[in-house]
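A.B. asks:
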Amino acid sequence: TDSIAHKFYGSVWSDLDSIRGARYSNGGKPIVVVRAMSLQGRSNIVFALPPGTGVAITRSDVEYVVTEHGTAYLDGKSVRERCLALINIAHPMFRQELLEEAKKHFYISQSQPGNSFLATYPEKLECIHTTKTGKQVFVRPIKASDEDALRAFFHKLSDRSVYFRYFRKLPSMPQRILQRYTDVNYSSDMALVVFYPSNNSHAHELVAIGQWMSDPRDEHSAPEVAFQVRDDWQGEGLGSYLFRRLVEISSFFNVDKFKADVLGENVAMQGVFKRSGVPYTTRSDFGTLTYTFNLTKVERETPPPV
């Protein structure tokens with residue numbers, strides 16, 4: 001930085017020259033790195049700067065913001081997307097306050113749950129996976145800022161794929177479903193998303209999602225497991241991989257059972273379950289198969305020490 005409070009460490013243009021020089025250099029990226037919380041215990045990510053604050057780098061010049069809690073990619077993003085991304089990397093102590101300020105000024109939807117901001121993002125679950133045909137994809141837990149990526153994913157699904165997943169035709173994905181799927185608490189609700197290509201954090205596309213969701217009306221019921229793969233990515237083994245991975249990590253979150261409702265004509269999803277090796281029971285009701293999986297009977301990853 002060129003200054004801290006009223007003490008200057010560089011010339012007036014030093015920050016701007018550095019950031020723009022990085023942007024215009026071959027392969028360069030303008031990155032701002034900051035501690036999420038100051039030494040005085042205040043958030044370094046704030047909703048608005050105090051009056052009279054000197055601004056050396058404009059918001060349009062910043063491409064990445066990095067804190068110890070993650071990375072926010074901001075280039076080309078809307079105000080709503082920027083808010084969600086920055087709240088996600090703020091110190092957990094201040095996320096709820098930032099969320100409420102953004103809602104108050106209508107920068108984000110009033111219905112935004114904020115579940116993921118109150119939880120610890122399980123970074124340990126991020127990985128690179130190689131598909132059947134040798135393509136490398138990036139797999140990670142979903143984030144609230146993935147809402148637009150999930151919407152784009154939905155609009156690339158065929159009518160048949162949408163019907164198999166939601167049991168009805170949907171011209172678009174309702175906002176409440178987008179928020180429910182992306183803003184999760186990483187415990188009773190969990191989702192893994194698959195991006196391609198694996199080495200480009202902002203030009204990649206969401207090609208598959210696997211999730212378990214609990215019924216908020218019945219905390220004792222088994223979470224519902226589901227997965228969906230974009231039509232042009234089917235046959236890569238991603239459905240089987242996502243189901244297997246969800247089973248493996250379920251022990252981290254004290255989940256011992258899954259349930260799934262599958263249309264009788266959805267033979268692909270039924271095949272994934274049959275080949276998985278996870279014991280299950282089924283019952284049929286008007287063309288829908290309900291699976292109940294006992295996860296305690298299979299080998300799962302050992303939860304990390306608390």
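Read in order, the letters of the sequence shown correspond to residues 1 to 306 in the UniProt record's numbering. A virtual CB, placed ideally from N, CA and C, is assigned to each residue, including glycine.
(1) Could you tell me which residues DSSP pairs with ALA226 in its beta bridges?
(2) Over what stretch of residues does the beta strand (DSSP E) that includes MET269 continue unbroken?
(3) So, does the region 98–105 touch the region 162–181, judging by three or more C-beta pairs under 8 Å?
(4) In the DSSP output, which residue or residues are listed as bridge partners for CYS127?
(5) Is PHE106 helix, strand or coil when you go by DSSP?
(6) Under a three-way DSSP split, which group does VAL79 fall into?
(7) Do you know how far the Cα of GLY134 is from the Cα of ASN44?
(8) Between the Cα of GLU224 and those of SER187, LEU150, GLY287 and GLN110, spot the shortest distance and give me the residue it belongs to.
(9) Among the candidates PHE47, VAL229 and GLU63, whose CA atom is the shortest distance from the CA of LYS29?
(10) Anyone know if the C-beta pair for LEU289 and THR281 falls short of 7 Å?
(11) With burial defined as no fewer than 16 other Cβ atoms inside 10 Å of the residue's Cβ, what is the status of VAL306: buried or exposed?
(12) Thinking just about the alpha-carbon of each residue, which of ASP189, TYR241, SER158 and PHE154 is nearest to the one in PRO174?
(13) Quick one, are the C-beta atoms of VAL255 and VAL278 less than 7 Å apart?
(14) Within a Cβ cutoff of 6 Å, which residues of the same chain sit near TYR94, ignoring the five residues on either side of it in sequence?
(15) For TYR107 versus VAL79, is the C-beta spacing smaller than 7 Å?
(16) What number of angstroms, rounded off, separates the C-alpha of LYS257 from the C-alpha of VAL184?
(17) Would you kindly check if the distance between the Cβ of PHE117 and the Cβ of ILE87 is under 7 Å?
C.D. replies: Reading from the atomic positions:
(1) GLN211
(2) Run containing MET269: none in the beta strand (DSSP E); it sits in the alpha helix (DSSP H), 267–275.
(3) no
(4) VAL139
(5) coil
(6) helix
(7) 42 Å
(8) For GLU224, the closest C-alpha among the options SER187, LEU150, GLY287 and GLN110 is that of SER187.
(9) GLU63
(10) no
(11) Here the model assigns VAL306 a pLDDT of 38, short of 50, so the residue's position is not dependable, and the following value carries that caveat. Exposed, by the Cβ-count rule.
(12) PHE154
(13) no
(14) Contrary to the premise, residue 94 reads as Phe rather than Tyr in this sequence. The answer, listed in chain order, is SER43.
(15) yes
(16) 19 Å
(17) Yes, they are a contact pair.
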